[in-house]
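Protein chains in written order, with our numbering: chain A, 14 to 345; chain B, 73 to 405. Don't be surprised by glycine CBs; every beta carbon is placed ideally from N, CA and C. Notes for the one structure printed next.
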């Protein structure tokens, strides 16, 4: 069952230096109970895309009228981009959709106890009483593996360690039982041993609560371990998407291949690292045609720099947007 | 090997006072605890550990950027020999020409008000290494070319550059005074993967061209595995294991090294679950566990680990470990 459909999302920002394209023709779907990994380097538009799902982008964001974000709930389909009043927006902000952020210290209010913050959102989004909310919150803290949950409930964010804060953040996001959890680089600020713990916890929770996760990260290793499907973004567009095994084992787009080759791997220590040549272009100087052609090793003269490649279906839900891959017989 | 180490550290301790007290001594935080290691000339020496393990403090102690509480650091490049802990003004200045630092964050490390040329030239001017402006310009251009910077960009300001280019500027700045030894502290952590590989390749080629010795500090084991030839692992201020890279990755003898290796998420979606996950978190260095500092999280911990601090001992010529049961661990593999 499709929970969320993003159709032709286009988003620009009005700035002093002109209108900047942040997201261009992005379409994807998330099914209930599925983990979709959104990968890309900084500036590729991952976070902006995710924030659009909750209309959290700043007020200079301009959504173009053609696209839409449809959220399929039991009560009917919600058109996220046409929600206006803060009352209506509560459906996607903490109700059906919750978000956890990269830096948990920055997302908890420093002067309010963890417990009060958890209770506050339960009072807004559920019909629970204050007492029931507290009980549920402590239960959730225990569920995510926090020792002495009763004591932690009364503490402030600065009193917890980084891993513990991220667990509390997850507990808070899940206590309203959202249908979709957006996790924006949830383990990037954590050490590897703690990252492994948090990833395990998230996998357990998906199977227990049956919710969908949009997992945003730049780390392909993390994606390989948690995601069912993956979408690779570059300069505001999705260049390749598909089941995680397909995409990582037989990547079709030169950018995906470049990302995988640039990654240091433990099982091939002798192979030299191959960087993707050049730098990511500034959003103000967006290349015409295929946005990746300035750095692409397989660029086709007269083609890639003038026309935009369409999404090509490669079977098994795997698709990519590139002119060059057809020549390799990849599509067949 | 008959070669003498470039940097030799013996039983180094670095402590920081925690606040002030009216009477008596304030409590001390021991960031580096009894560390001994040798870095050979021309080595790409990796130092890994989680946050709070003391790797940055160790790197800074070698550069005398933090005061040394006890122990000895000696630097010997055959032309000059320095006892780093006891350096006074003039010698310290000379030492700093030989030992340099590349910072983590290329956005914070460069002054936004200086042109790239001035940023790279500053060390030369401060240390008085060049006599004329022409000479300075020449040195700047030479090192900028080696770091693959576009020479026409030298008059621009840092804001015009991307993360990878900025990191190349910081590298040029660190190398302009011809150092022998460079500490690279998380120098690729802030970069995207596609750029990271480029900077790593640049560091390797500069090391070959200029005959540098690197101390490469990182939390990312796969990066370290790729570019370092020797790796030391730190936990809570102590060294737990040190070995040639391949040996360490193929045959880790300390349970912490083993756990750290298995916590790296694999690119293969079917390859999971073999991980031997560590429980709990790194304890506070203010009040470290007794005995072996790792025993609170170790799967193999026994009574002895709680009481006795494991000795830093050599398993063979280049492989050292601090664990009572290193031999036993090898047989469980």
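Legend entry - residue 172/B - containing beta strand (DSSP E), residue span: As a first step, residue 172/B is located in the second chain; it is residue number 100 there, counting from the start. Residue 172/B -> beta strand (DSSP E) spans 171-174.
Inset, instruction - Return the chain-ordered ranges of every alpha helix (DSSP H) run that is complete within the segment 155-235 of chain A and spans a minimum of 4 residues. - result: Fully enclosed alpha helix (DSSP H) runs of 4 or longer: 162-165, 175-187, 205-222.
Inset, instruction - Take residue 328/B and list the residues in its own chain whose beta-carbon comes closer than 6 Å to its own, dropping the five residues that flank it on each side. - result: Residue mapping note: residue 328/B aligns to position 256 of the second chain, counting from 1. These residues qualify, in order along the chain: 307, 312, 366.
Legend entry - residue 256/A versus residue 338/A - alpha carbon distance: Taking the first residue of the first chain as 1, we reach residue 256/A at position 243. Taking the first residue of the first chain as 1, we reach residue 338/A at position 325. If you take the alpha carbons of residue 256/A and residue 338/A, they lie about 18 Å apart.
Legend entry - Supposed close pair residue 33/B, residue 116/B - CB separation, criterion 8 Å: A question about residue 33/B goes unanswered here, because the residues of chain B that appear run from 73 up to 405.
Inset, instruction - Starting from the C-beta of residue 222/B, find all residues in its chain whose C-beta is less than 8 Å away, skip the five residues before and the five after it, and write them out in chain order. - result: Along the second chain, read from residue 1 onward, the residue named residue 222/B stands at position 150. So the list is empty, once near-sequence residues are dropped.
Inset, instruction - Tell whether a beta-carbon distance below 8 Å holds between residue 353/B and residue 188/A. - result: Locating residue 353/B in the second chain gives position 281, where the first residue counts as 1. Locating residue 188/A in the first chain gives position 175, where the first residue counts as 1. Note that the C-beta distance between residue 353/B and residue 188/A is not below 8 Å.
Legend entry - residue 85/B - containing alpha helix (DSSP H), residue span: Translated into positions along the second chain, residue 85/B becomes position 13. Where residue 85/B is concerned, there is no enclosing alpha helix (DSSP H), although the beta strand (DSSP E) it sits in stretches over 79-89.
Inset, instruction - Determine which residues share a DSSP beta bridge with residue 288/B and list them. - result: Looking up residue 288/B in the second chain gives position 216. Residue 288/B is bridged by DSSP to 118/B, 256/B.
Inset, instruction - Work out the CA separation of residue 287/A and residue 271/A for me, nearest whole Å. - result: Position 258 of the first chain, counting from 1, holds the residue named residue 271/A. Position 274 of the first chain, counting from 1, holds the residue named residue 287/A. One Cα belongs to residue 271/A, the other to residue 287/A, and the distance between them is close to 8 Å.
Legend entry - Under 7 Å from the C-beta of residue 266/B: neighbouring residues of chain A: As a first step, residue 266/B is located in the second chain; it is residue number 194 there, counting from the start. Within chain A, 54, 271, 272, 275, 288, 289 have C-beta atoms less than 7 Å from the C-beta of residue 266/B, given in sequence order.
Inset, instruction - Assuming residue 107/B contacts residue 310/B (C-beta within less than 8 Å), just tell me the rounded distance between them. - result: Looking up residue 107/B in the second chain gives position 35. Looking up residue 310/B in the second chain gives position 238. Contact holds; Cβ gap of about 7 Å.
Inset, instruction - Tell me, please, whether the CB atom of residue 327/A is closer than 8 Å to any CB atom in chain B? - result: Translated into positions along the first chain, residue 327/A becomes position 314. It does not: the Cβ of residue 327/A has no partner Cβ on chain B nearer than 8 Å.
Inset, instruction - Use the C-beta contact count for residue 86/B: other C-beta atoms within 10 angstroms, 16 or more gives buried, fewer gives exposed. - result: Your numbering for residue 86/B matches position 14 in the second chain. With 16 or more other Cβ atoms within 10 Å, it is buried.
Inset, instruction - Give the C-beta separation of residue 391/B and residue 319/B to the nearest angstrom, bearing in mind that I take them to be a contact with Cβ-Cβ under 8 Å. - result: Here residue 391/B is taken as the residue at index 319 of the second chain, counted from 1. Here residue 319/B is taken as the residue at index 247 of the second chain, counted from 1. About 6 Å separates the two Cβ atoms, so the contact holds.
Inset, instruction - Using the Cα positions of residue 295/B and residue 130/A, report the straight-line distance between them to the nearest angstrom. - result: Here residue 295/B refers to the residue found at position 223 of the second chain. Here residue 130/A refers to the residue found at position 117 of the first chain. Computed Cα separation, rounded: 39 Å.
Legend entry - chain A contacts made by the segment 204-228 of chain B, where a contact means CB separation under 7 Å: Correct list: empty, as no residue qualifies.
Legend entry - Simplified DSSP assignment, three categories, for residue 131/A: One-based indexing of the first chain puts residue 131/A at position 118. Secondary structure at residue 131/A: helix, using DSSP grouped into helix, strand and coil.
Legend entry - Close beta carbons around residue 137/B, own chain, < 8 Å, minus the five adjacent residues each side: Stepping through the second chain from its first residue, residue 137/B is reached at position 65. Hits under 8 Å: 173.
Legend entry - beta strand (DSSP E) segment containing residue 18/A, residue limits: Along the first chain, one-based indexing puts residue 18/A at 5. Taken as a continuous stretch (DSSP letters only), the beta strand (DSSP E) holding residue 18/A covers 15-28.
Inset, instruction - Keeping to the same chain, check which residues put their C-beta closer than 6 Å to that of residue 18/A; ignore five residues upstream and five downstream. - result: Residue mapping note: residue 18/A aligns to position 5 of the first chain, counting from 1. Correct list, in chain order: 42, 83.
Inset, instruction - Compare the Cα-Cα distances from residue 91/B to each of 394/B, 358/B, 396/B and report the closest residue. - result: Translated into positions along the second chain, residue 91/B becomes position 19. Of the candidates 394/B, 358/B, 396/B, the residue whose Cα lies closest to the Cα of residue 91/B is 358/B.
Inset, instruction - Identify which residue in 178/A, 319/A, 279/A has its Cα closest to the Cα of residue 116/A. - result: Reading the first chain from its first residue, position 103 is the one you call residue 116/A. When only C-alpha atoms are compared, the closest one is 178/A.
Inset, instruction - Name, please, each residue of chain A whose Cβ falls closer than 7 Å to the Cβ of residue 284/B. - result: Along the second chain, one-based indexing puts residue 284/B at 212. Against chain A, the beta carbon of residue 284/B has no neighbour under 7 Å; the closest one sits roughly 19 Å away.
Inset, instruction - Taking only beta carbons into account, state which residues of the segment 87-103 of chain A come closer than 8 Å to chain B, listed in chain order. - result: When C-beta distances to chain B are compared with 8 Å, every residue of the segment 87-103 of chain A stays at or above that value.
Inset, instruction - Determine which residues of the segment 175-189 of chain A have a Cβ less than 7 Å from any Cβ of chain B, and write them out in chain order. - result: Taking 7 Å as the Cβ-Cβ cut-off, the segment 175-189 of chain A approaches chain B at 176, given in chain order.
Legend entry - Rounded C-alpha distance that separates residue 169/A from residue 126/A: Indexing the first chain from 1 puts residue 169/A at position 156. Indexing the first chain from 1 puts residue 126/A at position 113. Taking the CA atoms as reference points, residue 169/A sits about 4 Å from residue 126/A.
Legend entry - Any 3 or more C-beta pairs closer than 8 Å across the segment 268-282 of chain A and the segment 78-92 of chain A: Contact between the segment 268-282 of chain A and the segment 78-92 of chain A is not established, with fewer than three Cβ pairs separated by less than 8 Å.
Legend entry - Length of the line joining the Cα atoms of residue 278/B and residue 291/A: Locating residue 278/B in the second chain gives position 206, where the first residue counts as 1. Locating residue 291/A in the first chain gives position 278, where the first residue counts as 1. Going from the Cα of residue 278/B to the Cα of residue 291/A covers about 19 Å.
Legend entry - Exposure of residue 276/A, with buried meaning 16 or more beta-carbon neighbours within 10 Å: Here residue 276/A refers to the residue found at position 263 when the first chain is read from its first residue. Flag for residue 276/A reads buried.
Legend entry - Rounded straight-line distance, which links the Cα of residue 398/B to that of residue 380/B: If you number the second chain from 1, residue 380/B lands on position 308. If you number the second chain from 1, residue 398/B lands on position 326. Cα to Cα, residue 380/B sits roughly 15 Å from residue 398/B.
Legend entry - Per-residue burial, residue 90/A [other beta carbons within 10 Å of its own, 16 or more giving buried]: Reading the first chain from its first residue, position 77 is the one you call residue 90/A. Here residue 90/A is exposed, its C-beta having fewer than 16 other C-beta atoms within 10 Å.
Inset, instruction - Compute the beta-carbon to beta-carbon distance between residue 230/B and residue 182/B, rounded to the nearest angstrom, for a pair I have assumed lies under 8 Å. - result: Your numbering for residue 230/B matches position 158 in the second chain. Your numbering for residue 182/B matches position 110 in the second chain. For a cut-off of 8 Å, the C-beta gap from residue 230/B to residue 182/B is around 4 Å, short enough to register as a contact.
Inset, instruction - Rank 153/B, 225/B, 220/B by C-alpha distance to the C-alpha of residue 240/B and give the top, closest one. - result: Walking along the second chain from the start, residue 240/B turns up at place 168. Closest by C-alpha distance to residue 240/B, out of 153/B, 225/B, 220/B, is 220/B.
Legend entry - CB contact check: residue 204/A to chain B, cutoff 8 Å: Here residue 204/A is taken as the residue at index 191 of the first chain, counted from 1. Answer yes: the Cβ-Cβ gap between residue 204/A and chain B drops below 8 Å somewhere.
Inset, instruction - Indicate the three-state DSSP secondary structure (helix, strand or coil) for residue 245/A in the structure shown. - result: Working through the first chain from its first residue, we reach residue 245/A at position 232. Strand at residue 245/A.
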